[in-house]
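A.B. asks: Numbering-wise, the working numbering comes out as the position in the sequence shown, counting from 1, plus 481.
Think of the CB as a built atom: it goes at the ideal place given N, C-alpha and C, for glycine as much as any other residue.
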Amino acid sequence: MRQPSTPPSPALRRLRTPRHLPLLGAVLFLAGCAQLPDLGASPQPKSADAFQSARSLTAPLAQWPAQQWWTAYGDTQLDALIAEALADAPDLAAAAARLQRADAVVQIAGAANRPQLSANASISEDKLSYNHLTPRAMTPSGMNDYGRATLNLQWELDFWGKNRSALAAATSDVHASQAELAQARLWLASGVAAHYAELSRLYANRDTADKAVAIRAKTAGLFSERLDNGLENRGGLHNAQARLAMAEGELLALDEQIALQRNRLAALLGAGPDRGLTITRPSLKLDRAFGLPAELSADLLGRRPDVVAARWRAEAQSRRIDQQKAEFYPNVNLSALVGVQSLGLDILTKGGSGIAGIGPAISLPIFSGGRLQGALRGAHAAYGEAVAAYNTTVARALQDVADNAISQKALGERLLKVQQAVDAASQAHRVANNRYEGGLATYLEVLTAEDALLGALSAQTNLHSASFTLDIGLQRALGGGYQQPDVIAKK
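(1) When we look at the beta-carbon of R784 and count the other beta-carbons within 10 Å, is it buried (16 or more) or exposed?
(2) Mark Y611 as exposed unless 16 or more other C-beta atoms lie within 10 angstroms of its C-beta, in which case mark it buried.
(3) Would L824 pass as a contact of N625 if the rule is Cβ separation under 8 Å?
(4) For T631, which beta-bridge partners are listed by DSSP?
(5) Check whether the region 668 to 675 touches the region 611 to 623, taking contact to mean three or more Cβ pairs, one atom from each stretch, closer than 8 Å.
(6) Nearest by alpha-carbon distance to Y871: which of A795, S939 and I836 is it?
(7) Could you tell me if A590 is buried or exposed, where buried requires 16 or more neighbouring beta carbons within 10 angstroms of its beta carbon?
(8) Confirm, please, whether the CB-CB distance from R792 to N966 is below 8 Å.
(9) Please classify E760: does DSSP put it in a helix, a strand, or coil?
(10) Apart from the five residues just before and just after S534, which ones in its own chain have a Cβ nearer than 6 Å to its Cβ?
(11) So, for I953: in the same chain, excluding its five sequence neighbours on each side, which residues have a beta-carbon less than 7 Å away from its beta-carbon?
(12) Look at the alpha carbon of Y449 and the alpha carbon of V903, and state the distance between them as a whole number of angstroms.
(13) Looking at C-beta atoms only, is the number of pairs between the region 702 to 713 and the region 614 to 633 that lie closer than 8 Å three or more?
(14) Of all the beta strand (DSSP E) runs that stay within the bounds of the region 708 to 755, which reach a length of 3 or more residues?
(15) Report buried or exposed for S844, applying the criterion of at least 16 other Cβ atoms within 10 angstroms of its Cβ.
(16) What are the boundary residues of the beta strand (DSSP E) that includes G772?
(17) Going by beta-carbon coordinates alone, are G753 and P571 separated by less than 8 Å?
(18) Does N594 come out as helix, strand or coil in the three-state DSSP assignment?
(19) Which residue comes first and which comes last in the beta strand (DSSP E) that contains A842?
(20) Could you check what DSSP says for I953 in three-state terms: helix, strand or coil?
(21) Restricting to Cα atoms, I'd like to know which of R877, S653 and Q941 is closest to G960.
(22) If you compare alpha carbons, which of E737, P518 and D607 is closest to T620?
(23) Using the beta-carbon count (16 or more within 10 Å), is V882 buried or exposed?
(24) For the alpha helix (DSSP H) that R794 lies in, which residues bound it at each end?
(25) Determine which residues share a DSSP beta bridge with D607 and list them.
(26) Alpha helix (DSSP H) containing D569: first to last residue?
(27) Across the region 845 to 863 and the region 650 to 667, are there enough close Cβ pairs to call them in contact, namely three or more that are closer than 8 Å?
(28) Helix, strand or coil, according to DSSP, for L638 in the structure here?
(29) Look up P813 in the DSSP assignment and give the residues it is bridged to.
(30) For D569, collect the residues of the same chain with a Cβ closer than 6 Å to its Cβ; drop the 5 residues on either side in sequence, then sort them by chain order.
(31) For K643, which of P841, A630, A723 and A593 has the nearest alpha-carbon?
(32) Would the beta-carbon of A886 fall within 8 Å of that of L773?
(33) Can you look up L542 in the DSSP assignment and give me helix, strand or coil?
(34) Pop quiz: L573 and A665 are said to be a contact at Cβ under 8 Å. What is the actual Cβ separation, rounded to whole angstroms?
(35) Need the endpoints of the alpha helix (DSSP H) that S528 sits in, please.
(36) Mind checking whether N710 and L928 have CB atoms under 8 Å apart?
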């Protein structure tokens, strides 16, 4: 048989009655008191089409760099050095720590969208006033045990999207930090490769300097022989000997530079200078010709980690504008608790000691002295700054590629000219020596031809080394094999 239902208590009826609705309506009506400022039009990131670059980036077609682009140089020592740097370098550890910090901020921001549950308990000895809420006859006398234990629920109802915007901003910052970590890896790898190419150049210059010493020594010997035969004066011999000493000094200077360059490489690896002592002479090979990928200006936006990071930073600031706008609207928090409470600990867990409560807490900004308006204007300005930084990053990325293209094209022509100079200087030096041995030329003609030959050989060595430096710069300018995550393509 169905039992008749017990009528609700007056307190429960009051709890169920929507008597808070007029108050809520009044609060919402007053929301208009905090006015949103006029921010004007928001700046927008430039599209790839806004950067005119087609004519500057005309070149034979080539593929985008592979992720381990440095392996194309065929030098296993370079491969090992870059792998060591990517594993242990302090700069990468710092970038990884920044990413972890951004992840932690996402976790904190996400927590604001979820209910917060806490347990609270208190025990105290209290004496109640005889002249307060209850008559003296009904007030316990003396000190009494008081106990309370509750589970408390707090939940901010995100009607206006403030917390969701904060989470989106933090998530965008994580994506930016991921791209910045990739950028740090790219700069480190290209830095090691560039320093290694410089070491290769120094060794090549040392070979040229060694040739210079041999040539200067031969000339000095020839002058000495002619002096012994009465065919030359001591001034010519001393001049030749001075040039020989200078060539030997240049050789010593290059040995010093090689040792210093090894130290720089060791520091890039995050190791001590003794690590540099183990680095042997590079054996780089460059087989690929200069070229650029198709649709470069459009695809470069997703291939350069610094550009991707700048785009995510702008996206984060855009979300913070939404977050600040939500501050102008009422903040609604739902609070609830359940637990026990008693005067006397011996009855704390007995029937009748239970307590419970639930209800909203609403706060509304009516007058903030311009604080909210200033915060919103600041967020809008920060977004404009981030957009400007993005546009600048794109422009500089295209400049990197265009500068490299100009230098690559000029290098090919310069190599042809310097080869012609080496051939001509070699012939002139040979003729001058033959004429001098036959008594038809002065020592100044020999030394002048010698200087021209050594200068041409040095220029040729530096240009051949520059081809490696430019290729490394091109791989870096094209993003070093980086590709944006799919998530940004959906933005």
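C.D. replies: Let's see:
(1) The count along the sequence shown starts at 1 and reaches residue 784 at position 303. With 16 or more Cβ atoms within 10 Å of its Cβ, R784 is classed as buried.
(2) Looking up residue 611 in the sequence shown gives position 130. The Cβ neighbour count for Y611, taken over all protein chains shown within 10 Å, is under 16; the residue is labelled exposed.
(3) Residue numbering aside, residue 824 sits at position 343 when the sequence shown is read from its first letter. Residue numbering aside, residue 625 sits at position 144 when the sequence shown is read from its first letter. In contact: L824 and N625 (Cβ atoms closer than 8 Å).
(4) For the purposes of this step, residue 631 is taken as the residue at position 150 of the sequence shown. Answer is N601 and G820, bridged to T631.
(5) Touching, no, given that fewer than three Cβ pairs across the two stretches are closer than 8 Å.
(6) Residue numbering aside, residue 871 sits at position 390 when the sequence shown is read from its first letter. Relative to Y871, the option among A795, S939 and I836 whose CA is nearest is A795.
(7) Locating residue 590 in the sequence shown gives position 109, counting from the first residue. Label assigned to A590: buried.
(8) Here the question's residue 966 lines up with position 485 in the sequence shown. Here the question's residue 792 lines up with position 311 in the sequence shown. A small fix is needed here, since residue 966 is Pro in this sequence, not Asn. Taking C-beta atoms as the reference points, P966 and R792 fail to come closer than 8 Å.
(9) Here residue 760 refers to the residue found at position 279 when the sequence shown is read from its first residue. Reading off the sequence, residue 760 comes out as Ile, not Glu. DSSP places I760 in coil when its eight states are reduced to three.
(10) Along the sequence shown, read from residue 1 onward, the residue named residue 534 stands at position 53. Short of 6 Å from the beta carbon of S534, and not among the five residues preceding or following it, lie these beta carbons of its own chain, in chain order: S778 and L879.
(11) Here residue 953 refers to the residue found at position 472 when the sequence shown is read from its first residue. Answer for I953: S671, A674, A675 and A678, listed in chain order.
(12) The chain is shown from 482 up to 972; residue 449 falls before or after that span and cannot be answered.
(13) Verdict: no, contact absent.
(14) Entirely contained in the region 708 to 755, not one beta strand (DSSP E) run reaches 3 residues.
(15) On the sequence shown, position 363 is the one that residue 844 refers to. With a threshold of 16 other beta carbon atoms within 10 Å, S844 falls short and is exposed.
(16) By 1-based counting over the sequence shown, the position of residue 772 is 291. Taken as a continuous stretch (DSSP letters only), G772 belongs to no beta strand (DSSP E), as it is neither H nor E.
(17) Counted from its first residue, the sequence shown places residue 753 at position 272. Counted from its first residue, the sequence shown places residue 571 at position 90. Contact: no.
(18) Within the sequence shown, residue 594 is the residue found at index 113, counting from 1. DSSP, read as helix, strand or coil, puts N594 in coil.
(19) Start at 1 with the first residue of the sequence shown, and residue 842 comes out as number 361. Membership of A842 in the beta strand (DSSP E) is indicated by the continuous run G835 to S844.
(20) In the sequence shown, the residue the question calls residue 953 occupies position 472. Residue state, collapsed to three classes: helix.
(21) Along the sequence shown, read from residue 1 onward, the residue named residue 960 stands at position 479. Shortest Cα-Cα distance from G960 to any of R877, S653 and Q941 involves R877.
(22) For this step, residue 620 is matched to residue 139 along the sequence shown. With distances taken between Cα atoms, T620 lies closest to D607.
(23) By 1-based counting over the sequence shown, the position of residue 882 is 401. Under this definition V882 is a buried residue.
(24) Here residue 794 refers to the residue found at position 313 when the sequence shown is read from its first residue. First-last of the alpha helix (DSSP H) with R794: P786 to A807.
(25) If you number the sequence shown from 1, residue 607 lands on position 126. D607 is bridged to N625.
(26) Numbered from 1 along the sequence shown, position 88 holds the residue referred to as residue 569. Segment T557 to D569, the alpha helix (DSSP H) holding D569.
(27) Look at the beta carbons and you see the region 845 to 863 not touching the region 650 to 667: under three pairs across the two are nearer than 8 Å.
(28) Indexing the sequence shown from 1 puts residue 638 at position 157. Strand at L638.
(29) Position 332 of the sequence shown holds residue 813. In the sequence on display, residue 813 carries Val and not Pro. The partner list for V813 (beta bridge, DSSP) reads L638 and I843.
(30) For the purposes of this step, residue 569 is identified with residue 88 of the sequence shown, where counting begins at 1. Answer for D569: G751, listed in chain order.
(31) Position 162 of the sequence shown, counted from the first residue, corresponds to residue 643. Of P841, A630, A723 and A593, the residue nearest in Cα terms is A593.
(32) Along the sequence shown, one-based indexing puts residue 886 at 405. Along the sequence shown, one-based indexing puts residue 773 at 292. Contact flag set, yes.
(33) Residue numbering aside, residue 542 sits at position 61 when the sequence shown is read from its first letter. Under the three-state reduction of DSSP, L542 is assigned to strand.
(34) As a working note, residue 573 is residue 92 in the sequence shown. As a working note, residue 665 is residue 184 in the sequence shown. Yes, they are in contact, since the Cβ atoms of L573 and A665 sit about 6 Å apart, within 8 Å.
(35) Mapped onto the sequence shown, residue 528 falls at position 47. For S528, there is no enclosing alpha helix (DSSP H), since its DSSP letter is neither H nor E.
(36) In the sequence shown, the residue the question calls residue 710 occupies position 229. In the sequence shown, the residue the question calls residue 928 occupies position 447. Not closer than 8 Å, so no.
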